[in-house]
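Quick note on my numbering: the sequence shown kicks off at 2 and runs consecutively.
Positions of the beta carbon are idealized from the N, C-alpha and C atoms, including for glycine.
Being a predicted model, the structure only gives us computed values, none of them experimental.
As structure tokens, the structure follows; a few thoughts come after it.
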Amino acid sequence: QPPTAGALCCRHLRGTMIDKAAAELIGTAILLFTIQVSVAQNAAFAPIAIGGILVAIIFAGGPISGGHYNPAFSLAVTLKGGMSVPEMMTYWAAQFTGAIVGSLCGGIIASSYATVTIGADATLTQALLAEAVITFILCFVALCVATNPKVAFDTNHHYGVAIGLVIVSGAISVGGISGGSFNPVVALGLSITSGMSKLFYALLISAANLVGGIVAVGCFRVVLPSELNSDGTVGETTPLRAEVY
Numbered sequence: 002q003p004p005t006a007g008a009l010c011c012r013h014l015r016g017t018m019i020d021k022a023a024a025e026l027i028g029t030a031i032l033l034f035t036i037q038v039s040v041a042q043n044a045a046f047a048p049i050a051i052g053g054i055l056v057a058i059i060f061a062g063g064p065i066s067g068g069h070y071n072p073a074f075s076l077a078v079t080l081k082g083g084m085s086v087p088e089m090m091t092y093w094a095a096q097f098t099g100a101i102v103g104s105l106c107g108g109i110i111a112s113s114y115a116t117v118t119i120g121a122d123a124t125l126t127q128a129l130l131a132e133a134v135i136t137f138i139l140c141f142v143a144l145c146v147a148t149n150p151k152v153a154f155d156t157n158h159h160y161g162v163a164i165g166l167v168i169v170s171g172a173i174s175v176g177g178i179s180g181g182s183f184n185p186v187v188a189l190g191l192s193i194t195s196g197m198s199k200l201f202y203a204l205l206i207s208a209a210n211l212v213g214g215i216v217a218v219g220c221f222r223v224v225l226p227s228e229l230n231s232d233g234t235v236g237e238t239t240p241l242r243a244e245v246y
């Protein structure tokens, strides 16, 4: 007996979510691999390496999943109305898994495991505020350049660069204060793979990152109120395949 239209639709939706989750997992793994290797070796140009790879994987995964690779941005997109909560949780699970895989691979290659640490001369308040502010800037910029329908996605060739530049700027400006995470799975992935080192601090800055994402949605509401509850990027809202096989 041939499958019903409803069964075909459900199968198609499951397939597209698997594709999107896979894109988020792979992209986050690539990001964490780069962070782990460059930071563990104290590379002088680590911010440029990290920002550069982020640009690349955003362009690669953007048309598939939206290219989040960051639970704070996934939360922002959800609060904006571009994703459902179950979709966000699927993204979070994929991002966390990818973070662990990428961190482990990077640590094996570098023979060292990095962690996100507070600056020697910084207070905890300064570090958490720095993380919240830069994550706010990151999510606000990403919402404006990647989820605004007024910027046509198929002709928008700058959104990945804009997001990557925020990471480079943030790492250079406040990396010495907070450790420069700006992403919950970066802090948690590095902490877990280094033997739960500085896990409490990683949890604190993860919370600060999520707060930054929430504030970004509030500011987006102010500057573009008509776009709330509209679709997210192409990757979050457009089926990947037109046919069901």
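Is the beta carbon of residue 136 less than 8 Å from the beta carbon of residue 213?
-> Taking the first residue of the sequence shown as 1, we reach residue 136 at position 135. Taking the first residue of the sequence shown as 1, we reach residue 213 at position 212. Yes, the Cβ-Cβ distance between residue 136 and residue 213 is below 8 Å.
Residue 46 by DSSP, collapsed to three states: which one?
-> Looking up residue 46 in the sequence shown gives position 45. The answer is coil: DSSP assigns residue 46 none of H, G, I, E or B.
Figure out for me which residue from 141, 53 and 120 has the closest Cα to the Cα of residue 166.
-> Stepping through the sequence shown from its first residue, residue 166 is reached at position 165. Residue 166 has its Cα closest to that of 53, out of 141, 53 and 120.
Residue from 141, 159, 128 and 151 whose Cα sits closest to the Cα of residue 172 | Position 171 of the sequence shown holds residue 172. Closest option to residue 172, Cα to Cα, is 128.
Is the Cβ-Cβ distance between residue 144 and residue 61 less than 8 Å?
-> In the sequence shown, counting from the first residue as 1, residue 144 sits at position 143. In the sequence shown, counting from the first residue as 1, residue 61 sits at position 60. Contact flag unset, no.
Ordered along the chain, which non-local residues of its own chain (more than five positions away) have a Cβ less than 8 Å from that of residue 111?
-> Along the sequence shown, read from residue 1 onward, the residue named residue 111 stands at position 110. Same-chain partners within the cutoff: 37, 38, 41 and 42.
When you compare each of 122, 95 and 46 to residue 70 by their alpha carbons, which one comes out closest?
-> Here residue 70 is taken as the residue at index 69 of the sequence shown, counted from 1. Per the Cα distances, 95.
Could I get the ranges of all uninterrupted alpha helix (DSSP H) runs contained in the stretch 180–225, with 4 residues as the minimum, in chain order?
-> Contiguous alpha helix (DSSP H) elements confined to the stretch 180–225 occur at 185–194 and 200–224, taking only those with 4 or more residues.
Return helix, strand or coil for residue 150, following the three-state DSSP convention.
-> Residue mapping note: residue 150 aligns to position 149 of the sequence shown, counting from 1. DSSP places residue 150 in coil when its eight states are reduced to three.
Report back the beta-carbon spacing between residue 203 and residue 134 to the nearest angstrom; my notes put them in contact at under 8 Å.
-> Numbered from 1 along the sequence shown, position 202 holds the residue referred to as residue 203. Numbered from 1 along the sequence shown, position 133 holds the residue referred to as residue 134. The Cβ separation is near 18 Å, so there is no contact.
How long is the line joining the alpha carbons of residue 178 and residue 152, rounded to whole angstroms?
-> The residue you call residue 178 lines up with position 177 of the sequence shown. The residue you call residue 152 lines up with position 151 of the sequence shown. For the pair residue 178 and residue 152, the Cα-to-Cα distance works out to about 35 Å.
Quick one: give me the first and last residue of the alpha helix (DSSP H) that residue 90 is part of.
-> By one-based count along the sequence shown, residue 90 stands at place 89. Per DSSP, the unbroken alpha helix (DSSP H) holding residue 90 starts and ends at 86–111.
What residue does the alpha helix (DSSP H) around residue 75 start on, and which one ends it?
-> Sequence index remark: in the sequence shown, residue 75 carries index 74 (1-based). 72–81 is the extent of the alpha helix (DSSP H) around residue 75.
Could you work out which residue in 28, 174 and 216 is closest to residue 73 when comparing CA atoms only?
-> Counting from 1 along the sequence shown, the entry for residue 73 is found at position 72. Cα-wise, what sits closest to residue 73 is 216.
Within 10 angstroms of the Cβ of residue 201, are there 16 or more other Cβ atoms? Answer buried if so, exposed if not.
-> Numbered from 1 along the sequence shown, position 200 holds the residue referred to as residue 201. Its Cβ having fewer than 16 others within 10 Å, residue 201 is exposed.
DSSP state of residue 115, grouped into three classes?
-> Counting from 1 along the sequence shown, the entry for residue 115 is found at position 114. Three-state DSSP puts residue 115 in coil, outside helix and strand.
Taking all protein chains shown into account, decide if residue 19 is buried (16 or more other Cβ within 10 angstroms of its Cβ) or exposed.
-> By one-based count along the sequence shown, residue 19 stands at place 18. The residue is exposed, with fewer than 16 neighbouring Cβ atoms inside 10 Å.
Residue 207, buried or exposed, once every other Cβ within 10 Å from all chains shown has been counted against 16 | Counting from 1 along the sequence shown, the entry for residue 207 is found at position 206. Looking at its Cβ environment, which holds 16 or more other Cβ atoms inside 10 Å, residue 207 is buried.
Per-residue DSSP class, three states only, for residue 35 | The residue given as residue 35 occupies position 34 in the sequence shown. Three-state DSSP puts residue 35 in a helix.
Contact set for residue 97: own chain, Cβ-Cβ below 6 Å, skip 5 residues either direction | As a working mapping, residue 97 is identified with position 96 in the sequence shown. Cβ neighbours of residue 97 beyond the five flanking positions: 186.
Does DSSP put residue 67 in a helix, a strand or coil?
-> The sequence position of residue 67 within the sequence shown is 66, counting from 1. Here residue 67 sits in coil by DSSP.
Residues near residue 15 in its chain [Cβ-Cβ closer than 7 Å; skip 5 each side] = Indexing the sequence shown from 1 puts residue 15 at position 14. The predicted position of residue 15 is uncertain, since its pLDDT is 49 and thus under 50; a value taken from the coordinates is nonetheless stated next. So the list is empty, once near-sequence residues are dropped.
What three-state label does DSSP hand residue 253 in the structure shown?
-> Since the displayed the chain opens at 2 and closes at 246, residue 253 lies outside it and no answer follows.
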